[in-house]
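Peer 1: The structure follows.
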Amino acid sequence: MVSLAEWGVKWQNRGQLEQIVDTEIAGSLRPESLWKFCETIEKCLADTGVERPSVQNINSKSITELVSQVQNINTVKISPRMEADI
């Protein structure tokens, strides 16, 4: 079984993050915001606390920007690709 974090990083490493975004919200996201958000998440998943960014070092602007892009979305569905990988 693969964790959700590992699954997301796998798609990020393939350069295909847009493939895991629900088609209902895909048009609402700027690709650069999604990439920045995922890069931040990947840093937060480091094995040791020393390797992880502090809360002060996380660029909250990029996270807030991504959230604001999808704030009007009421539901998020699992994409067929996600179901196939789970």
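So the sequence shown is residues 1 to 86, counted in full-length UniProt numbering.
All C-beta atoms in this analysis are idealised placements derived from N, C-alpha and C, irrespective of residue type, glycine included.
It should be emphasised that the depicted structure is a prediction, and the values quoted were computed from it without experimental measurement.
#1: Going by beta-carbon coordinates alone, are Leu34 and Glu18 separated by less than 9 Å?
#2: Flag this pair as yes or no: are the beta carbons of Glu42 and Gln12 separated by less than 9 Å?
#3: Please classify Leu17: does DSSP put it in a helix, a strand, or coil?
#4: Counting C-beta neighbours from all protein chains within 10 Å, is the total for Val2 16 or more, i.e. buried, or is it exposed?
#5: Can you grab the Cα-Cα spacing for the pair Thr23 / Leu29, in whole Å?
Peer 2: According to the structure data:
#1: yes
#2: yes
#3: helix
#4: exposed
#5: In this model, Thr23 and Leu29 are separated by some 11 Å (Cα to Cα).
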